[in-house]
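Colleague: Have a look at this one before I ask anything.
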Amino acid sequence: DKNQKIEKPIYDLAEKLLSIVGTPGFNFGDASTQNEVIQILGQMNYMLNKYQGPGEGKFGFIPPPIKGNPIEDQTNFLDTISALNKEQKSAIISYLITLINSNYKDINGKIKGRFYDLSNQVYNLVYSEEFDPQNESCLNKIREIFREMDKEHEKMLTSASENGYPKPSITNNYDYDKIQLFESFKFANDYNKYDVINYITDFIKTEFAKPGSQLSPELNEIANQIIGHISQDSFKFNSEDDLAYLRSCLDKLWYTFKKRVNEESGNGYDLILITGNKAEDLSNLILSFNSITNDNKLEAIASISDFVTNYYSFTGKIPSTELYQLISEFFDTIKSDDFVFNVEGKQRLTDLITKIDLKYDTLKKQAESYKPFPVLHFTNNAYSDKIYLFKALDTVTPVTRHEGNRAIMNYVGNYFGIGNESENGKEDVKYDELFKPTIIQLNKLIQKPEFDAASKAGQDEVKELLSQLETIRKQNEDDINAKKPFLASQITENREIDVNNFISDLSKVTKYNHNGAREAALKLINQDFTEKYAYMDYSVQEAIKEVKNIFLDPSNDLTQASTIELIKQGFEKLESIIAELLNSENIKFIPPELSSDLGTNEILLQSVIRQANKNNINEIISFVIQFLTKHYGYSDGTFDTALYPPIMHLLNTIESDSFDYSDPQTQIDIDQIIRDINSIHERKVAPKKYY
Numbered sequence: 001d002k003n004q005k006i007e008k009p010i011y012d013l014a015e016k017l018l019s020i021v022g023t024p025g026f027n028f029g030d031a032s033t034q035n036e037v038i039q040i041l042g043q044m045n046y047m048l049n050k051y052q053g054p055g056e057g058k059f060g061f062i063p064p065p066i067k068g069n070p071i072e073d074q075t076n077f078l079d080t081i082s083a084l085n086k087e088q089k090s091a092i093i094s095y096l097i098t099l100i101n102s103n104y105k106d107i108n109g110k111i112k113g114r115f116y117d118l119s120n121q122v123y124n125l126v127y128s129e130e131f132d133p134q135n136e137s138c139l140n141k142i143r144e145i146f147r148e149m150d151k152e153h154e155k156m157l158t159s160a161s162e163n164g165y166p167k168p169s170i171t172n173n174y175d176y177d178k179i180q181l182f183e184s185f186k187f188a189n190d191y192n193k194y195d196v197i198n199y200i201t202d203f204i205k206t207e208f209a210k211p212g213s214q215l216s217p218e219l220n221e222i223a224n225q226i227i228g229h230i231s232q233d234s235f236k237f238n239s240e241d242d243l244a245y246l247r248s249c250l251d252k253l254w255y256t257f258k259k260r261v262n263e264e265s266g267n268g269y270d271l272i273l274i275t276g277n278k279a280e281d282l283s284n285l286i287l288s289f290n291s292i293t294n295d296n297k298l299e300a301i302a303s304i305s306d307f308v309t310n311y312y313s314f315t316g317k318i319p320s321t322e323l324y325q326l327i328s329e330f331f332d333t334i335k336s337d338d339f340v341f342n343v344e345g346k347q348r349l350t351d352l353i354t355k356i357d358l359k360y361d362t363l364k365k366q367a368e369s370y371k372p373f374p375v376l377h378f379t380n381n382a383y384s385d386k387i388y389l390f391k392a393l394d395t396v397t398p399v400t401r402h403e404g405n406r407a408i409m410n411y412v413g414n415y416f417g418i419g420n421e422s423e424n425g426k427e428d429v430k431y432d433e434l435f436k437p438t439i440i441q442l443n444k445l446i447q448k449p450e451f452d453a454a455s456k457a458g459q460d461e462v463k464e465l466l467s468q469l470e471t472i473r474k475q476n477e478d479d480i481n482a483k484k485p486f487l488a489s490q491i492t493e494n495r496e497i498d499v500n501n502f503i504s505d506l507s508k509v510t511k512y513n514h515n516g517a518r519e520a521a522l523k524l525i526n527q528d529f530t531e532k533y534a535y536m537d538y539s540v541q542e543a544i545k546e547v548k549n550i551f552l553d554p555s556n557d558l559t560q561a562s563t564i565e566l567i568k569q570g571f572e573k574l575e576s577i578i579a580e581l582l583n584s585e586n587i588k589f590i591p592p593e594l595s596s597d598l599g600t601n602e603i604l605l606q607s608v609i610r611q612a613n614k615n616n617i618n619e620i621i622s623f624v625i626q627f628l629t630k631h632y633g634y635s636d637g638t639f640d641t642a643l644y645p646p647i648m649h650l651l652n653t654i655e656s657d658s659f660d661y662s663d664p665q666t667q668i669d670i671d672q673i674i675r676d677i678n679s680i681h682e683r684k685v686a687p688k689k690y691y
C-alpha cells in the first residue's frame, strides 16, 4: 500500500509464488505449472484491488463490476470511459485488461491466439496519442475490435462445449473461486449439467465445511436450494436471472458461514449481506461500523469495498469526480494508522458514507435527465451557422461543456481552417499563421474551468474573438483564399438539403480549389444518388452520368453563373426522374454487379434490400440468393444445412408484408441475420469446404 506495507493475505500469496518459482527444476513452459502461477497472480491482483478499496478514487472513477456477459460489460465499459479524459488513460487500460481477462480467457485461463492479437490492437489503440475517450470515432474503433472478439468468443465456446465441462481449481479463496466458477459456466450446457452439479457440490463443501465434517443444517438448506435450482429442466447457464439467483444463494452461504466463524472467534467484523436493497443494506453497513476494530479492519475494508463497488459504480455520461473523491477520502480515513475506532471515528465514517450515498443519488438523477448536446451540421453559410452555433450553446450544461467547446472549435475550423495537417501522427485543422494567435486565445478561454458557454458573458467573449478572426480574414482575403481548400457542407443524406447546400458552397469556389469542389460533388452524387437509386432504372444511371460529366469536364468553370445553372438543371432532371419512378407502380430493378470482396458486396446487399417493395420483390430475392451463393454456397449452388435456418429467416423477413427497411430496428435485424450467417459459415462450413 502507500505506506510500503504488504497486507498479510497478499504476502502469503507472494510467499507461495516465490516458493513455486524457487523450486529446483521450475519450468514455466509446463502447462500445469503455468496455470498455477497464473492463478496465484490472479488472486494477488484481486486481493490487492479488494484491500485497497475500490480504486481509491485515484483515477476518478470506479469500474463497474464485471458481469461475465461480454455485451453488457462492453456497454458499461464504453459508457464509463466516455465520461473520462485522456489523463485517465492508465485507469482505462487497467479496466480494459480486467474486462478482457474476465470475458475472453480460454479454459486454461489464458488469452491466446486471435484474442491475443485483438487484445493488443485495442491496448495499442487506447495507448495511442490520438485516443480520446470522449471522441465517438475512437469509441467506434473499440466497438469494431470488440465485435471481432465476440466472433472468436463464439467459436471458442462452441469448441469448448464439445470437449466437456472444464472444472476450475478450488483455492479456498471464496471471492476468487466464485469468479472462476461463473466464468466456467460459459462452457456449461444441458449435456454436461451433471458434471457442473458435481463440481458445485465439491465447491460448496470445500469452501463452507470444516475439514472432515459436513455442512451445518443451515448451510445445507441453502446448498440444496442451489442444486435443486440447477437441476430444473428450465435452468439455463446463459440466463441472467438464473445466474443472479445462484450468485445470491452463494453469497448467502458465504455470509452465513463467515458470520458463524466470526461469532465463534468473538472478534469478527459484522459482515454485510448485499441484498439488492440499497437503503436497507446501507443501514446495516452503518451499524456494522460499531464492530470494526484494528484487529478486523482488513476484513471490514474488503467487505465495505464490495458494498461500494456494488452500489456506487457509476456508468452515466456525466462527470463523477466528486463522488470518487469522497470514496477515496472514506478509504483513506479507515486505512489510516492513526484512525481511532471510537464514537467520533465511527461517526466520521457514517458522515462520509452518507455523503457518498447522497452524491451518488444526485448523479443518478442528473444522468436520468441528461440531455446530450446536439450534433451540429454546418452549411458553410457563416451568418446562419453562427446563429445555429450560439443557439446550441444556450443548452450547454456542466455535463456537456466539453461538447459545447468542441462545437466552437469545429465552427472555427470550418470557417477559418485551410485544410488539415498531421503532427506526431495526429490529424488536426491547419490554420493560416495570421489566425493562430487569436485561435490560441480562444482555446485558452474555453478551457478555463469558470468559462460558461451558455452564459451571456461567455458567449460575448467568444463572439468578440470570432469577430477578430473575421476582420483578419477580410483584411487578408486574397492571400488566405489562395491557400484554402474547398470545404463542402456535411452530407446529411437528405437529397434536397444536400444539393441546396452544395449549390450554396459553389460561391466559395476559387481558381485554387476547383479540384476540391469537383471531388466534393462526386462524393455527394455517389452517396445521395448512385448508392440509393442507380439500380432503379437505366434512366437514373444516365441522368447521374450527365451530372457527373459536368464536374469531370475541366473546361467547365465552376465559378461561372452559366456552369452553376447547368449543374442546377442536371440535379433537377435527376430528381424529377427519381420522383417519377418512386411514384410508379412498376419500378424496374437493375441488379448491381457483385465483386469478389465480401465487405463491398455486403454494402451493395444492404443498398439493394433498402429498395424492396411488392413490385420488385422477386428481383430483390434473386439478388440476395446470388449474393449468398457467391459467398456462402457450394460450387453446385447448394448450402450447408447449418446455413438454411438463418438464410430462410433473411428471405422470409424481406418477403414479409410488414417489411420496412426505413425502420431502424429492421436494419439492425437484417444486419444481425447476415452476421449470424457469416459466423456459422466461418465456424462450421468453411472448414468442410477447404479441408
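Heads up: the sequence shown begins at 1 in full-length UniProt numbering, then just goes up one per residue. Backbone N, C-alpha and C define an ideal beta-carbon position, used for all residues, glycine too.
With DSSP as the reference, label Lys67 as helix, strand or coil.
Modeller: Translated into positions along the sequence shown, residue 67 becomes position 67. Look at Lys67 here: in three-state DSSP terms it is coil, with no helix or strand label.
Colleague: Buried or exposed: which applies to Pro63, given that a residue is buried once 16 or more other Cβ atoms fall within 10 Å of its Cβ?
Modeller: Sequence index remark: in the sequence shown, residue 63 carries index 63 (1-based). So Pro63 ends up on the buried side.
Colleague: Tell me which residue opens and which closes the alpha helix (DSSP H) that Pro398 is part of.
Modeller: The residue given as residue 398 occupies position 398 in the sequence shown. From DSSP, Pro398 is part of no alpha helix (DSSP H); its letter is neither H nor E.
Colleague: Going straight from the alpha carbon of Tyr312 to that of Asn140, what length do you get?
Modeller: Numbered from 1 along the sequence shown, position 312 holds the residue referred to as residue 312. Numbered from 1 along the sequence shown, position 140 holds the residue referred to as residue 140. Their Cα atoms are separated by approximately 27 Å.
Colleague: In whole angstroms, give me the CA-to-CA distance for Cys138 and Ile93.
Modeller: One-based indexing of the sequence shown puts residue 138 at position 138. One-based indexing of the sequence shown puts residue 93 at position 93. So the two alpha carbons sit approximately 14 Å from each other.
Colleague: With a threshold of 8 Å, are at least 3 pairs of Cβ atoms found where one atom belongs to the segment 540 to 557 and the other to the segment 600 to 618?
Modeller: no
Colleague: Using only the alpha-carbon positions, how far apart do Gly425 and Ile446 sit?
Modeller: Against the sequence shown, residue 425 aligns to sequence position 425. Against the sequence shown, residue 446 aligns to sequence position 446. Low confidence applies here, because Gly425 scores a pLDDT of 46, under 50, leaving its location unreliable and the question unanswered by this model.
Colleague: For a quick check, are the C-beta atoms of Leu292 and Asn284 less than 9 Å apart?
Modeller: Within the sequence shown, the letter at position 292 stands for residue 292. Within the sequence shown, the letter at position 284 stands for residue 284. Here residue 292 is Ile; the residue named in the question, Leu, does not match the sequence. No. Outside cutoff.
Colleague: Can you pull the DSSP bridge partners for Gly417?
Modeller: In the sequence shown, residue 417 corresponds to position 417, counting from 1. Partner(s): Tyr431.
Colleague: Exposed or buried, Ser288, counting other C-beta atoms within 10 Å across all chains shown (16 or more means buried)?
Modeller: Looking up residue 288 in the sequence shown gives position 288. It is buried - the Cβ of Ser288 has at least 16 other Cβ atoms within 10 Å.
Colleague: Rounded C-beta distance between Pro168 and Leu181? I'm assuming under 8 Å.
Modeller: For the purposes of this step, residue 168 is taken as the residue at position 168 of the sequence shown. For the purposes of this step, residue 181 is taken as the residue at position 181 of the sequence shown. That belief holds up - the Cβ atoms of Pro168 and Leu181 are roughly 6 Å apart, short of 8 Å.
Colleague: In chain order, what residues of the same chain lie with their CB nearer than 7 Å to the CB of Asp357, ignoring the 5 residues before and after it?
Modeller: The residue labelled residue 357 in the question sits at position 357 within the sequence shown. Beyond the five residues adjoining it in sequence on each side, Asp357 comes within less than 7 Å, by CB distance, of Leu282 in the same chain, given in chain order.
Colleague: Are Tyr174 and Glu207 closer than 9 Å when you measure CB to CB?
Modeller: Residue numbering aside, residue 174 sits at position 174 when the sequence shown is read from its first letter. Residue numbering aside, residue 207 sits at position 207 when the sequence shown is read from its first letter. A contact, by the Cβ cut-off of 9 Å.
Colleague: Suppose contacts are defined by Cβ-Cβ distances below 9 Å. Is Phe502 in contact with Leu487 by that definition?
Modeller: Stepping through the sequence shown from its first residue, residue 502 is reached at position 502. Stepping through the sequence shown from its first residue, residue 487 is reached at position 487. No.
Colleague: Quick one: grab the DSSP three-state call for Asn173.
Modeller: Within the sequence shown, numbered from 1, the residue matching residue 173 stands at position 173. Note: Asn173 maps to coil in three-state DSSP.
Colleague: In this structure, how does DSSP classify His153 when only helix, strand and coil are distinguished?
Modeller: For the purposes of this step, residue 153 is identified with residue 153 of the sequence shown, where counting begins at 1. Of the three classes helix, strand and coil, the one that applies to His153 here is helix, per DSSP.
Colleague: Answer yes or no: do Pro65 and Thr309 have a C-beta to C-beta separation smaller than 9 Å?
Modeller: For the purposes of this step, residue 65 is taken as the residue at position 65 of the sequence shown. For the purposes of this step, residue 309 is taken as the residue at position 309 of the sequence shown. Their beta carbons are under 9 Å apart, which means Pro65 touches Thr309 by this criterion.
Colleague: Using 8 Å as the cut-off, can you tell me whether the segment 555 to 572 makes contact with the segment 591 to 603, which would need three or more C-beta pairs spanning the two stretches below that distance?
Modeller: no
Colleague: With 16 other CB atoms within 10 Å as the buried threshold, where does Gly164 fall?
Modeller: The residue given as residue 164 occupies position 164 in the sequence shown. With fewer than 16 Cβ atoms within 10 Å of its Cβ, Gly164 is classed as exposed.
Colleague: Can you give me the C-alpha to C-alpha distance between Glu280 and Met149, rounded to a whole angstrom?
Modeller: Along the sequence shown, one-based indexing puts residue 280 at 280. Along the sequence shown, one-based indexing puts residue 149 at 149. Roughly 40 Å between the two C-alpha positions.
Colleague: Beta-carbon within less than 6 Å of Gln527's beta-carbon, same chain only, minus the 5 sequence neighbours each way: which residues are those?
Modeller: Here residue 527 corresponds to residue number 527 of the sequence shown, with the count starting at 1. Answer for Gln527: Ile491, listed in chain order.
Colleague: Only counting the same chain, and skipping five residues up and downstream in sequence, which positions put a Cβ closer than 7 Å to that of Lys444?
Modeller: For the purposes of this step, residue 444 is identified with residue 444 of the sequence shown, where counting begins at 1. Taken in chain order, the list of residues that qualify is empty.
Colleague: With 16 other CB atoms within 10 Å as the buried threshold, where does Glu264 fall?
Modeller: Locating residue 264 in the sequence shown gives position 264, counting from the first residue. Exposed.
Colleague: Cutting at 7 Å between CB atoms, please list the residues of its own chain near Asp452, excluding the five before and the five after it.
Modeller: On the sequence shown, position 452 is the one that residue 452 refers to. Gly458.
Colleague: What would DSSP say about Arg610, mapped onto helix, strand or coil?
Modeller: As a first step, residue 610 must be located in the sequence shown, where it is residue number 610. Arg610 falls in the coil class under three-state DSSP.
Colleague: Shortest alpha-carbon distance to Lys508 belongs to which of Ile564, Ile170, Asp460?
Modeller: Translated into positions along the sequence shown, residue 508 becomes position 508. Closest option to Lys508, Cα to Cα, is Ile564.
Colleague: Assuming Ser328 is part of the alpha helix (DSSP H), what are its boundary residues?
Modeller: One-based indexing of the sequence shown puts residue 328 at position 328. Looking at the DSSP string, the run of the alpha helix (DSSP H) that includes Ser328 is 321 to 335.
Colleague: Helix, strand or coil for Lys364? Go by DSSP, reduced to three states.
Modeller: Locating residue 364 in the sequence shown gives position 364, counting from the first residue. Lys364 falls in the helix class under three-state DSSP.
Colleague: Do you know how far the Cα of Ile227 is from the Cα of Ile236?
Modeller: Residue numbering aside, residue 236 sits at position 236 when the sequence shown is read from its first letter. Residue numbering aside, residue 227 sits at position 227 when the sequence shown is read from its first letter. One point to set straight first is that residue 236 is Lys, not Ile, in the sequence displayed. Computed Cα separation, rounded: 13 Å.
Colleague: Going by beta carbon distance, what residues of the same chain come within less than 8 Å of Asp177, once the five residues before and after it are set aside?
Modeller: As a working note, residue 177 is residue 177 in the sequence shown. Taken in chain order, the residues that qualify are Pro168, Ile170, Thr171, Phe203, Glu207.
Colleague: Label Ser328 either buried or exposed according to how many other C-beta atoms from any shown protein chain fall within 10 Å of its C-beta, with 16 as the threshold for buried.
Modeller: Here the question's residue 328 lines up with position 328 in the sequence shown. Of the residues assessed, Ser328 falls on the buried side of the cut-off, its CB having 16 or more other CB atoms within 10 angstroms.
Colleague: Within 10 Å of its beta-carbon, does Lys359 have 16 or more other beta-carbons around it, so buried, or fewer, so exposed?
Modeller: Here the question's residue 359 lines up with position 359 in the sequence shown. Buried: at least 16 other Cβ atoms inside 10 Å.
Colleague: Spatial neighbours of His681 within its chain, please: CB distance less than 6 Å, with the 5 preceding and 5 following residues excluded, ordered by chain position.
Modeller: Counted from its first residue, the sequence shown places residue 681 at position 681. Closer than 6 Å at the Cβ level, and outside the excluded window around His681, lie Tyr632.
Colleague: Note down the Cα distance separating Leu246 from Leu13, rounded to an integer number of angstroms.
Modeller: One-based indexing of the sequence shown puts residue 246 at position 246. One-based indexing of the sequence shown puts residue 13 at position 13. Rounded to whole angstroms, Leu246 to Leu13 spans 28 Å at the Cα level.
Colleague: With 16 other CB atoms within 10 Å as the buried threshold, where does Gly599 fall?
Modeller: Residue 599 sits at position 599 when you count from the first residue of the sequence shown. Flag for Gly599 reads exposed.
Colleague: Please work out which residues of its chain come closer than 6 Å, Cβ to Cβ, to Glu496, disregarding the five sequence neighbours upstream and downstream, and give them in chain order.
Modeller: Reading the sequence shown from its first residue, position 496 is the one you call residue 496. So the list is empty, once near-sequence residues are dropped.
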